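Student:
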Amino acid sequence: MIPIQAALLVCPLLPTIAAQAPGLRDLEDPRAWRLFDRVEVIVNEEIVTVSQFDRDFREFVRATGMTATTPRETQEVSILVAQRKVDGLLTEQGGRDLGFDEAQVRRMVSNWEDSLIEEAGGVGQRSEALLDAGSAAHLERAQLTDDIYRISWERAITGRDAGPLGRPTKDRYVRPGQLRHLYDQAAAIPGGLEQLGAGSGNYRLQLLILDVDAVGGIDKTLARAEEVQRRLAEGADFNDLVEEFSAAKGQASFPRPMTSTDLETIAKREDAWGELARWTLEAEAGRHSGNIYVDDRGNESVQIAHLIERPIALPFHDAHTQAAMRAHTLEVRDGYHRSRALEDLKRAAYIWTPDYEPQPQPEVVGPPLPIGN
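Every position in the sequence shown, counted from 1, becomes a number in the working numbering once 864 is added.
(1) Helix or strand or just coil, what does DSSP make of M930?
(2) Work out the CA separation of K1034 and F964 for me, nearest whole Å.
(3) Using CA atoms only, rank isn't needed, just tell me which of A1169, H1170, L1209, T1185 is closest to I1176.
(4) Does W897 come out as helix, strand or coil in the three-state DSSP assignment?
(5) I need the DSSP call for L1178, collapsed to helix, strand or coil.
(6) Comparing the C-beta of A984 with each C-beta of chain C, is any distance below 8 Å?
(7) Starting from H1002, follow its DSSP beta bridges and name the residues at the other end.
(8) Using three-state DSSP, classify A882 as helix, strand or coil.
(9) Verify whether the separation of the beta carbon atoms of F1102 and H1181 is less than 8 Å.
(10) Do L995 and E1004 count as a contact pair if the criterion is CB distance below 8 Å?
(11) Would you grab the beta carbon distance between V914 and L953 for me? Rounded to a whole angstrom, and I think it's under 8 Å.
(12) Spell out the partners DSSP gives R1086 in its beta bridges.
(13) On the DSSP bridge list, what partners appear for A1187?
(14) Looking at the structure shown, is S1165 part of a helix, part of a strand, or coil, going by DSSP?
(15) If we count the other Cβ atoms within 10 Å of its Cβ and call it buried at 16 or more, is M1189 buried or exposed?
(16) Find the nearest neighbour of S1124 within the set Y1157, E1107, E1146, judged by alpha-carbon distance.
(17) Rounded to whole angstroms, what's the CA-CA distance from I943 to T1144? Just pull it up for me.
(18) CA-CA distance, R1161 and S1110?
(19) Going by other Cβ atoms of all chains shown within 10 Å of its Cβ, with 16 needed for buried, is K949 buried or exposed?
(20) Give the straight-line distance between the Cα atoms of D901 and G998, rounded to the nearest whole angstrom.
(21) Report the rounded CA-to-CA distance for R1036 versus G1023, giving the unit in angstroms.
(22) What residues are listed by DSSP as bridge partners for H1152?
(23) Considering only C-alpha positions, which residue in the set T938, E1195, V1158 is nearest to L1086?
(24) State yes or no: is the C-beta of V973 within less than 8 Å of the C-beta of I981?
(25) With H, G and I counted as helix, E and B as strand and the rest as coil, what does DSSP make of D1160?
(26) Taking E1090 as the reference, give the member of G1056, L1105, A946 with the closest Cα.
(27) Select from L1206, A1026, L1074 the residue whose C-alpha is nearest the C-alpha of I1168.
(28) Please determine, among Q1093, T1009, L962, the residue with the shortest C-alpha to C-alpha distance to R1151.
(29) What is the rounded straight-line gap between the Cα of W1216 and the Cα of Q939?
(30) Can you tell me which of the three DSSP states R948 falls into?
(31) Since I1130 is in the alpha helix (DSSP H), which residue starts that stretch and which ends it?
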C-alpha cells in the first residue's frame, strides 16, 4: 500500500511548486522527489492538506476578524479552524450517508450557482468576485455540494425535513404545557420575557445634566440638583426642568434604545453608568432617579435620569408571544439533537489532527560578557 505521504509527493516535473517547500529548496539532486503538500487533518476517508487548511484558516480570520500574529493566537485559531473542519466534514459525510438522490443534489447546486451569478450581475462579475476571494468556480461548486449535504443532514436529524425514507425522525410539536412552563420561568427573571421575545418596547431615558464647570463648582451643582429634585417632588414637568437647567436640551439619553441584555452588561460596571443601568432595570416608567455623579475623563457633572419607557411584558396568550416561545423551544431542541448526532458521528469516525501547540521560541544567546581586569 502506498503511504499517504507518498500520494502527496510529485516528481521533479514541478520545480516551481517544489521550490515553495521550506527546507527542500536546497536539495542538490535534481532527480529527488519534492514535497508538494502534506496532510493536516484526516476525517474517515477524507484528507485535508496544508494548502486546503491554510485557505480555510485565512477565510476564517477574514470572516471573524480574529488576529493570528503570535504563536498563541495562531494556535487558538488553528484549533478553531480544525474543529470547524472536522465538524463540517462529519456532517457532510453524514448527509451523503443518508442516501439522498445525487441528481437532485446536482440540480440544487446548479440552481444555487445560477442565483449567485444573477446576484453578481453576470458570469464575468461572479468570476471576478471568486478570484478576489481566492476561489474558483470548481471550488465553489464543491463547497456548495458539501453545504447542501450538511444542511440536509441537519434538517433530517432535527426533524425539519423527512429522512431518506420519507419519514420524520424527530417530533417538532411543542406542547402547550411546555410553553406555559417556559413563560413562567422567563417571567420570574428580570427582563426574561423581553429576551424571550415576549416583550414590547425598549428602555428609553431622558437625562438632565448639570455641568459642574458651567454651574460654578461641585457644591453649587449639588445644591441645584437638590432644587431640581424638590421641584420634581412638587410635580414639576421633567421636560421643563431639562430646558431650564440641563446642559443638554431635549431627550438626551443613550445613543439608542436599550434592551435588558444591554443594561445588564453595563450594570456590571463599577461606575456612574453601571449605577444608572442598575437603576433603569428596576425603575418603573415615569420615575426619575436620584443624583448621579459622573466623571467622564475629567468632565464632571451631576445627572438625573427620567425613565420614559421600559419594555412591556406581553401576555401568555398573545400570538407574538406564542410564536416567539415556540421558536425558542425548537431552537434549543434542535441544538440538542444536532449536538447529540454530531457526537455519535465523532464516536464512530476516525479523526486525526496535529498538535497545534506553539513551537518553543529559540533561546537568544548574546555575546560573552567581557572579563574585567
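By construction, the Cβ of each residue, glycine as well, lies at the ideal position given by its N, Cα and C atoms. Computed from a predicted model, the values in this text were never measured in an experiment.
Tutor: A quick look at the data gives this:
(1) Three-state result, M930: coil.
(2) Their Cα atoms are separated by approximately 18 Å.
(3) Proximity to I1176 across A1169, H1170, L1209, T1185 peaks at T1185, based on C-alpha coordinates.
(4) W897 falls in the coil class under three-state DSSP.
(5) Three-state DSSP puts L1178 in coil, outside helix and strand.
(6) You won't find chain C in this structure, because it holds only one protein chain.
(7) Beta-bridge pairing links H1002 to no other residue.
(8) Its pLDDT being 38, under 50, A882 is placed unreliably in this model, and the coordinates cannot settle the point.
(9) No, these two residues do not count as a Cβ contact at 8 Å.
(10) In this structure, E1004 lies away from L995, with their beta-carbon atoms at least 8 Å apart.
(11) At roughly 16 Å, the Cβ-Cβ gap does not stay under 8 Å, so V914 and L953 are not in contact.
(12) The sequence given here has Leu at residue 1086, not Arg. L1086 is bridged by DSSP to nothing; it lacks a bridge partner.
(13) Beta-bridge pairing links A1187 to no other residue.
(14) Shown here, S1165 sits in a strand according to DSSP, grouped into three states.
(15) Answer is buried; the Cβ neighbour count reaches 16.
(16) Among Y1157, E1107, E1146, the Cα nearest to that of S1124 is on E1146.
(17) Approximately 41 Å, taken between the alpha carbons.
(18) If you take the alpha carbons of R1161 and S1110, they lie about 20 Å apart.
(19) Result: buried.
(20) Linking D901 to G998 through their CA atoms gives a straight-line distance of about 18 Å.
(21) The alpha-carbon atoms of R1036 and G1023 are separated by roughly 7 Å.
(22) Note: H1152 sits in a beta bridge opposite H1170.
(23) From the listed residues T938, E1195, V1158, the smallest Cα separation to L1086 is found for V1158.
(24) Taking 8 Å as the Cβ cut-off, V973 and I981 do not qualify as a contacting pair.
(25) In the displayed model, D1160 falls within a strand according to three-state DSSP.
(26) Closest by alpha carbon: L1105.
(27) Of the listed residues, the one whose Cα sits closest to I1168 is L1074.
(28) Measuring from the Cα of R1151, the nearest candidate turns out to be Q1093.
(29) Looking at the two C-alpha atoms, the distance is approximately 17 Å.
(30) In the structure shown, R948 sits in a helix (DSSP, three-state: H, G or I).
(31) Where I1130 is concerned, the enclosing alpha helix (DSSP H) stretches over 1124-1131.
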